[in-house]
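Working notes for the structure below.
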Amino acid sequence: MFRIFSQKIDTNPKKIQKILERGVEDIFVKESLEKKLKSGRRLNIKLGFDPTGPNIHIGRAIVLRKLKAFQDLGHNIIFIVGDFTAQIGDPSDKLEKRPFLSSEKIAENLKNYKEQLGKILDLSKVKFLYNSSWLSNLTLKETAELAESFTVGQMANRRNFKERIDRGEEVSLREFLYPLMQGYDSLKVEADVELGGFDQLFNLKAGRIVQKHFGKKEQDILTTKMLEGTDGRKMSTSWGNVINIIDSPKEMYGKVMSIKDELLPQYFILCTDLEKLEIDSILSGNDPRSAKMRLAKEIVSIYHNSAAAREAEEGFVNTFSKKEIPEDIKVVTVEKNRLLSDVLVDEKILSSKTEFKRFAEEGGIHNLGSDSKITDFKYLVSEPIKIRIGKKNFLEIKVI
RNA sequence: GCGUCGGUGGCAGAGUGGUCAAAUGCAUCGGACUGUAAAUCCGACGACCGAUGGUCUACGGGGGUUCAAAUCCCUCCCGGCGCACCA
Numbered sequence: 009m010f011r012i013f014s015q016k017i018d019t020n021p022k023k024i025q026k027i028l029e030r031g032v033e034d035i036f037v038k039e040s041l042e043k044k045l046k047s048g049r050r051l052n053i054k055l056g057f058d059p060t061g062p063n064i065h066i067g068r069a070i071v072l073r074k075l076k077a078f079q080d081l082g083h084n085i086i087f088i089v090g091d092f093t094a095q096i097g098d099p100s101d102k103l104e105k106r107p108f109l110s111s112e113k114i115a116e117n118l119k120n121y122k123e124q125l126g127k128i129l130d131l132s133k134v135k136f137l138y139n140s141s142w143l144s145n146l147t148l149k150e151t152a153e154l155a156e157s158f159t160v161g162q163m164a165n166r167r168n169f170k171e172r173i174d175r176g177e178e179v180s181l182r183e184f185l186y187p188l189m190q191g192y193d194s195l196k197v198e199a200d201v202e203l204g205g206f207d208q209l210f211n212l213k214a215g216r217i218v219q220k221h222f223g224k225k226e227q228d229i230l231t232t233k234m235l236e237g238t239d240g241r242k243m244s245t246s247w248g249n250v251i252n253i254i255d256s257p258k259e260m261y262g263k264v265m266s267i268k269d270e271l272l273p274q275y276f277i278l279c280t281d282l283e284k285l286e287i288d289s290i291l292s293g294n295d296p297r298s299a300k301m302r303l304a305k306e307i308v309s310i311y312h313n314s315a316a317a318r319e320a321e322e323g324f325v326n327t328f329s330k331k332e333i334p335e336d337i338k339v340v341t342v343e344k345n346r347l348l349s350d351v352l353v354d355e356k357i358l359s360s361k362t363e364f365k366r367f368a369e370e371g372g373i374h375n376l377g378s379d380s381k382i383t384d385f386k387y388l389v390s391e392p393i394k395i396r397i398g399k400k401n402f403l404e405i406k407v408i
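All residue numbers for the first sequence refer to the working numbering, where the first residue is 9 and numbers rise by one.
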């Protein structure tokens, strides 16, 4: 059905070994998957992604990178854009009910998806399918048939449903539908293997159940490990602890530097291509700072390039280690004798005059020219100055 | 539909008539220190001003009682749970 690529299937045992191990949380059924990969048969590798947000972060990228590994072996990559399922809402990662997402919102999220995916996958060899193209046409009767594949017990025992039910919270029937739909996707595209984050385990297994129910071969599933956010909590946009793959080199580098030290090993393994031995040697140095800098450089290199990574590193060292003034400092021109507080609020660097007052009192406003602190909250800008506000905000003010 | 419990700052969650711009935790921000924007410690965390004080806005919306309300009453909106409906 998808035999449109002529590349030969690579069955190199070492590569297969790596696919089955690096960053992998669990494989179901491992023996079966291994056999399939070694057979030389071109497999349909499925990955579903719901466009619930505009950005892909490096945590979600783990599974995409795994997908790339399959792609490199020559398998068919079937990328399911969950434009339909996104509207229904995946209950996997939440302990509470999820809202419906509007189709406008989804379209908006989808806008830059491919560009982002292109940073990881070879898009020319990816088959993109939108699951609305079959899910939105299902009749109620067909839906009922699909629903027949699951028992209420199976669903209700799913961990996060069970927790909510036990707590006396409600679980909507609609949420039961989600795994069914994802499973139906697998049936539709004749998936041999489906990838997903470990949080997707239930939905992935649903694919097996649905396939079996309709008399098809069950897909194998491979789940990747979950990456923690920069602060050690689950990486989630709403927590603000994400590193997006389209972040600027500078931003990306800085965010990596801000991860907790304990997170280093998992970041190295899950987010870089470095060999295990090399990672071990980097970490054995017992120098978290250099290790982190190396990590930051690797990650920026993957999503941008090594030149950008070097540049970001230089900028970082200069700004934070040597405390130099960055070159691309923001410049504004204002009338003479304006209140500095007003200028900063206008520039949206601070949100209110009260905040300025706090910064001034706490010594957070640095006059870079005289290397002193501005503590007068009624400071007037009478001559051009360069200032640093807090740790990361720099501003050069010119006067008319 | 009936009953009942609830709706508090970014989140979680105290407070049940004055001492509440609202405990505490998390997140966030500033400073010190450092090895980095890590860790730790100290501090801040509604806004505005003629500023060790004052004013305004805020505890789902509106109205009321009171010298005084996040706290009491009425009403509306929203949510949970139970019951009823399904028999």
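From the three backbone atoms N, C-alpha and C, an ideal C-beta is built for every residue, glycine too. Quantities reported herein were computed from a predicted structural model and do not represent experimental measurements.
- DSSP places residue 34 within a strand segment (E or B) once states are collapsed to three.
- Taking 3 residues as the minimum length, the beta strand (DSSP E) runs contained wholly in the stretch 332-380 are 338-342 and 373-375, in order along the chain.
- One Cα belongs to residue 147, the other to residue 270, and the distance between them is close to 51 Å.
- If you check the CB distance, residue 201 and residue 227 come in under 8 Å.
- Distance from the Cα of residue 162 is smallest, within the candidate group 184, 151 and 149, for 184.
- Residue 383 sits exposed, since fewer than 16 C-beta atoms from the chains shown fall within 10 Å of its C-beta.
- Comparing C-alpha distances from residue 123 to each of 336, 27 and 62 shows the shortest one belongs to 62.
- Bounds of the alpha helix (DSSP H) holding residue 73 are 69-81.
- In summary, residue 59 is buried, with 16 or more beta-carbon neighbours lying within 10 Å of its beta-carbon over all protein chains present.
- The Cβ-Cβ distance between residue 378 and residue 344 does not fall below 8 Å.
- Rounded to the nearest whole angstrom, the CA to CA distance from residue 69 to residue 315 is 22 Å.
- Unbroken alpha helix (DSSP H) stretches of 4 residues or longer found wholly inside the stretch 280-333: 284-292, 296-311 and 314-324, given in chain order.
- Look at residue 215 here: in three-state DSSP terms it is helix.
- Taking a C-beta distance under 8 Å as the contact criterion, residue 197 and residue 137 qualify as a contact pair.
- The shortest C-alpha to C-alpha distance from residue 128 to any of 310, 357 and 372 is the one to 310.
- A distance below 8 Å between beta-carbons, with the five flanking residues on each side excluded, links residue 346 to the following residues of its chain, in chain order: 388 and 389.
- When the Cα atoms are used, residue 46 and residue 34 turn out to be separated by approximately 19 Å.
- The residues 337, 339 and 394, in chain order, have a CB closer than 6 Å to that of residue 404 in the same chain once the five nearest residues on each side in sequence are set aside.
- In this structure, the CA atom of residue 282 is about 22 Å from the CA atom of residue 243.
- Around the beta carbon of residue 280, 16 or more other beta carbons lie within 10 angstroms, which makes this residue buried.
- The beta carbon of residue 166 is closer than 6 Å to those of 210 in its chain, skipping five residues each way along the sequence.
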